[in-house]
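K.L.:
Next up is a structure, given as structure tokens.
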Ligand code: NCD
Ligand code: ZN
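In the numbering used here, the protein residues as written are 2 to 478.
Below is the structure:
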């Protein structure tokens with residue numbers, strides 16, 4: 002008879018998945034969930050933590066963070082960014098390629114992987130850049146360990162040039178053969194650049210000029226174009242930071258046509274509106290912009306009817322000086338977010354705008370499925386990674402920019418009251434945050450999700466028309 006002894010039992014909580022909630026204990030061994038069941042049915046264990054009255058969720062998987070290293074470490078590092086994630090109940094992050102150097106070559110990827118492995122508190126996937134100049138690098142990046150790709154259709158921080166449509170099509174053709182998902186910053190570069198020049202010439206440099214430069218058509222055009230290219234090539238795509246109600250129509254239509262397309266929105270689009278430009282000034286500058294209240298209302302509908310698959314943060318830290326400028330065009334875009342998503346959105350759960358199951362689906366299960374991590378992550382079942390967040394739905398706090406782990410302390414949610422906060426975060430069975438305290442020893446515990454990632458079989462289409470096919474290149478099998 003074997004003597005199976007668990008490393009840890011979380012006792013007496015309520016387990017929550019995307020579909021169910023039930024009172025149970027959860028036993029963890031070797032970083033994985035060993036058993037879930039009645040409190041008195043747990044295997045023998047080395048340690049017990051009582052979580053009676055608390056809810057036990059799969060850790061959040063944030064598909065959109067910018068951790069800035071290498072290149073902009075005054076804004077954030079892998080240490081501070083993942084510490085912020087740990088404090089926010091986030092157990093896996095997908096990190097963006099607009100660093101210096103951009104993650105567009107294997108050499109740049111290796112620099113980032115080394116920094117991440119050495120410092121990360123939580124698990125991570127790395128986005129490779131899909132740009133016009135590095136299409137010949139995409140397959141090497143896949144072999145080198147990227148988890149997905151990112152294509153900047155519109156300009157944003159770091160000003161990586163947006164590839165012309167022909168280059169995007171070629172990139173989709175290449176990646177479609179391998180099945181990895183391609184995330185799009187879906188804004189039309191030409192429309193907004195022209196409008197910005199004209200606004201500047203007319204003397205507009207107030208915060209609302211940023212919104213005026215980027216009306217919904219900027220996003221709608223790019224979402225629709227990306228969906229057409231994905232449909233043609235069979236590439237899997239993900240629309241980042243959906244900000245307008247208008248984008249929901251091309252999203253719904255593409256989904257109805259069977260395009261493998263997922264979409265995220267962020268807490269700032271669900272919780273803020275035009276008033277923020279008056280209240281927050283240049284701090285609120287973000288791409289795409291926070292919009293008028295009508296968009297917020299439509300985005301909530303998109304959340305409730307499933308058009309929007311997930312909630313990510315677009316954690317985009319900058320220094321205080323970089324965020325605050327009298328001239329809106331000189332303020333950096335984006336703000337910190339990975340640590341505040343969970344309390345902000347749990348507050349919405351408490352307000353009845355979202356069920357706790359839907360919250361788990363949108364912040365954990367859906368991103369795990371979209372990026373090939375399910376069912377190792379995104380669900381609490383025996384055999385899954387013990388990536389767990391314990392939350393206290395009764396606890397009331399105030400968002401305090403002064404205590405965030407992130408170097409980018411500017412947040413439009415400073416001093417906002419929240420109800421429902423993460424109190425323990427475990428990554429593969431190890432506490433990285435305990436009793437709302439970071440566990441410093443866990444630095445470096447995080448690892449690349451490529452060790453487990455498995456996307457469904459690639460589904461490329463129109464292969465006889467690919468650029469490689471028409472010039473007779475053999476391509477890679
Ligand atoms: C992001 C950043 O700072 O890297 N900024 C932003 O306004 N969202 C880039 C991005 O996601 O567009
Ligand atoms: Zn973006």
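Each residue gets a CB set at the ideal place from its N, CA and C atoms; glycine is no exception. Keep in mind the model is a prediction, meaning the values are calculated, not measured.
Is residue 97 near the ligand NCD, judged by its Cβ being under 8 Å from some heavy atom?
P.N.:
Within the chain shown, the letter at position 96 stands for residue 97. Under cutoff, so the answer is yes.
K.L.:
Check the C-beta distance from residue 122 over to residue 83 and give it rounded, since I have them as a contact under 8 Å.
P.N.:
Position 121 of the chain shown, counted from the start, is the residue given in the question as residue 122. Position 82 of the chain shown, counted from the start, is the residue given in the question as residue 83. Right, the Cβ-Cβ distance comes to about 4 Å (below 8 Å), so this counts as a contact.
K.L.:
Measure the beta-carbon distance from residue 275 to residue 293 and round it to whole angstroms, keeping in mind my assumption that it falls under 8 Å.
P.N.:
Translated into the one-based positions of the chain shown, residue 275 becomes position 274. Translated into the one-based positions of the chain shown, residue 293 becomes position 292. Right, the Cβ-Cβ distance comes to about 5 Å (below 8 Å), so this counts as a contact.
K.L.:
Rounded to a whole number of angstroms, what is the C-alpha to C-alpha distance between residue 62 and residue 152?
P.N.:
Numbered from 1 along the chain shown, position 61 holds the residue referred to as residue 62. Numbered from 1 along the chain shown, position 151 holds the residue referred to as residue 152. Going from the Cα of residue 62 to the Cα of residue 152 covers about 20 Å.
K.L.:
Given a cut-off of 9 Å, decide if residue 379 and residue 267 are closer than it, judged by their beta-carbon atoms.
P.N.:
As a first step, residue 267 is located in the chain shown; it is residue number 266 there, counting from the start. As a first step, residue 379 is located in the chain shown; it is residue number 378 there, counting from the start. Contact: no.
K.L.:
Using a 10 Å radius around the Cβ and a threshold of 16 neighbouring Cβ atoms, would you call residue 59 buried or exposed?
P.N.:
Residue mapping note: residue 59 aligns to position 58 of the chain shown, counting from 1. The residue in question, residue 59, is buried, as its Cβ has 16 or more Cβ neighbours within 10 Å.
K.L.:
Mind listing, in chain order, the continuous alpha helix (DSSP H) runs of no fewer than 4 residues lying wholly within the region 408 to 474?
P.N.:
Entirely contained in the region 408 to 474, the alpha helix (DSSP H) runs reaching 4 residues are, in chain order, 468 to 471.
K.L.:
Tell me whether residue 287 counts as near the ligand NCD, meaning its Cβ is closer than 8 Å to at least one heavy atom of that ligand.
P.N.:
Reading the chain shown from its first residue, position 286 is the one you call residue 287. Answer for residue 287: yes, Cβ within range of the ligand NCD.
K.L.:
My output table needs one value for residue 102: the three-state DSSP class, helix, strand or coil.
P.N.:
In the chain shown, counting from the first residue as 1, residue 102 sits at position 101. DSSP places residue 102 in coil when its eight states are reduced to three.
K.L.:
Go through its chain and collect everything with a Cβ distance to residue 310's Cβ below 6 Å, but skip five positions before and after it.
P.N.:
Translated into the one-based positions of the chain shown, residue 310 becomes position 309. If we look at residue 310 and ignore the five residues flanking it on each side, its Cβ neighbours are 263, 264, 367.
K.L.:
Apart from the five residues just before and just after residue 423, which ones in its own chain have a Cβ nearer than 6 Å to its Cβ?
P.N.:
Position 422 of the chain shown, counted from the start, is the residue given in the question as residue 423. Contacts found: 90, 343, 390, 392.
K.L.:
Return the CA-CA distance between residue 80 and residue 328, expressed in angstroms with no decimal places.
P.N.:
As a first step, residue 80 is located in the chain shown; it is residue number 79 there, counting from the start. As a first step, residue 328 is located in the chain shown; it is residue number 327 there, counting from the start. Those two C-alpha atoms are separated by around 32 Å.
K.L.:
Pop quiz: residue 100 and residue 119 are said to be a contact at Cβ under 8 Å. What is the actual Cβ separation, rounded to whole angstroms?
P.N.:
Numbered from its first residue, the chain shown carries residue 100 at position 99. Numbered from its first residue, the chain shown carries residue 119 at position 118. At roughly 16 Å, the Cβ-Cβ gap does not stay under 8 Å, so residue 100 and residue 119 are not in contact.
K.L.:
Whole angstroms is fine: what's the gap from residue 453's alpha carbon to residue 146's?
P.N.:
Against the chain shown, residue 453 aligns to sequence position 452. Against the chain shown, residue 146 aligns to sequence position 145. Going from the Cα of residue 453 to the Cα of residue 146 covers about 11 Å.
K.L.:
The ligand ZN heavy atoms versus the CB of residue 150: any closer than 8 Å?
P.N.:
Counting from 1 along the chain shown, the entry for residue 150 is found at position 149. Answer for residue 150: no, Cβ out of range of the ligand ZN.
K.L.:
Keeping to the same chain, check which residues put their C-beta closer than 7 Å to that of residue 51; ignore five residues upstream and five downstream.
P.N.:
In the chain shown, residue 51 corresponds to position 50, counting from 1. Hits under 7 Å: 12, 13.
K.L.:
Tell me whether the beta-carbon of residue 180 lies closer than 9 Å to the beta-carbon of residue 458.
P.N.:
Residue numbering aside, residue 180 sits at position 179 when the chain shown is read from its first letter. Residue numbering aside, residue 458 sits at position 457 when the chain shown is read from its first letter. Contact flag set, yes.
K.L.:
Give the straight-line distance between the Cα atoms of residue 148 and residue 65, rounded to the nearest whole angstrom.
P.N.:
Numbered from its first residue, the chain shown carries residue 148 at position 147. Numbered from its first residue, the chain shown carries residue 65 at position 64. Distance between the alpha carbons of residue 148 and residue 65: 12 Å.
K.L.:
Curious, which full-length beta strand (DSSP E) runs of at least 3 residues does the region 94 to 163 contain?
P.N.:
You should have 124 to 130, 149 to 153.
K.L.:
Go through its chain and collect everything with a Cβ distance to residue 476's Cβ below 7 Å, but skip five positions before and after it.
P.N.:
Reading the chain shown from its first residue, position 475 is the one you call residue 476. Note that residue 476 scores a pLDDT of 49, beneath 50, so its modelled location is shaky; the value from the coordinates is reported in the next line. Around residue 476: 469.
K.L.:
Could you check the C-alpha separation between residue 78 and residue 463 for me, to the nearest Å?
P.N.:
In the chain shown, counting from the first residue as 1, residue 78 sits at position 77. In the chain shown, counting from the first residue as 1, residue 463 sits at position 462. So the alpha carbons of these two residues sit roughly 42 Å apart.
K.L.:
Starting from residue 66, follow its DSSP beta bridges and name the residues at the other end.
P.N.:
Position 65 of the chain shown holds residue 66. Note: residue 66 sits in a beta bridge opposite 96, 316.
K.L.:
Checking the sheet assignment: what are the DSSP bridge partners for residue 386?
P.N.:
As a position in the chain shown, residue 386 is number 385, starting the count at 1. Paired residues: 33.
K.L.:
Just to check, is the beta-carbon of residue 242 closer than 8 Å to a non-hydrogen atom of the ligand ZN?
P.N.:
Indexing the chain shown from 1 puts residue 242 at position 241. Residue 242 Cβ: within cutoff of the ligand ZN.
K.L.:
So is residue 434 buried or exposed if we call it buried at 16+ other beta carbons inside 10 Å?
P.N.:
In the chain shown, counting from the first residue as 1, residue 434 sits at position 433. It is buried - the Cβ of residue 434 has at least 16 other Cβ atoms within 10 Å.
K.L.:
Can the beta-carbon of residue 242 be found less than 9 Å from the beta-carbon of residue 315?
P.N.:
Taking the first residue of the chain shown as 1, we reach residue 242 at position 241. Taking the first residue of the chain shown as 1, we reach residue 315 at position 314. Against a cut-off of 9 Å, the Cβ pair of residue 315 and residue 242 comes out as a contact.
K.L.:
Using the C-alpha atoms, what's the distance from residue 196 back to residue 203?
P.N.:
Position 202 of the chain shown, counted from the first residue, corresponds to residue 203. Position 195 of the chain shown, counted from the first residue, corresponds to residue 196. Distance between the alpha carbons of residue 203 and residue 196: 11 Å.
K.L.:
Under the DSSP definition of a beta bridge, which residues are partnered with residue 12?
P.N.:
The residue given as residue 12 occupies position 11 in the chain shown. In DSSP, residue 12 forms a bridge with 51.
K.L.:
Using a Cβ-Cβ cut-off of 9 Å, state whether residue 135 counts as contacting chain B.
P.N.:
The structure shown contains no chain B; it is built from a single protein chain.
K.L.:
Thinking C-alpha only, which one of 188, 30, 32, 16 is nearest residue 40?
P.N.:
What you label residue 40 is simply residue 39 of the chain shown in a count that begins at 1. Nearest of 188, 30, 32, 16 to residue 40, Cα basis: 16.
K.L.:
Report yes or no: do three or more beta-carbon pairs, one from the region 341 to 356 and one from the region 370 to 389, lie closer than 8 Å?
P.N.:
Contact fails: fewer than three Cβ-Cβ distances are below 8 Å.
K.L.:
I'd like to confirm something about residue 153: is its beta-carbon nearer than 8 Å to some heavy atom of the ligand ZN, or not?
P.N.:
Taking the chain shown and counting its residues from 1, the one referred to as residue 153 is at position 152. True, at least one ligand heavy atom lies under 8 Å from that Cβ.
K.L.:
Go to residue 196, then tell me how far its alpha helix (DSSP H) extends in each direction, as first and last residue.
P.N.:
Against the chain shown, residue 196 aligns to sequence position 195. Here the alpha helix (DSSP H) through residue 196 covers 190 to 202.
K.L.:
Whole angstroms are fine: how far does the CA of residue 228 sit from the CA of residue 107?
P.N.:
In the chain shown, the residue the question calls residue 107 occupies position 106. In the chain shown, the residue the question calls residue 228 occupies position 227. Those two C-alpha atoms are separated by around 28 Å.
K.L.:
Candidates 102, 372, 410: which alpha carbon is nearest residue 321's?
P.N.:
Counting from 1 along the chain shown, the entry for residue 321 is found at position 320. Ranking the options by Cα distance to residue 321, first place goes to 410.
K.L.:
For residue 19, name the three-state secondary structure that DSSP assigns.
P.N.:
Sequence index remark: in the chain shown, residue 19 carries index 18 (1-based). Coil, per DSSP.
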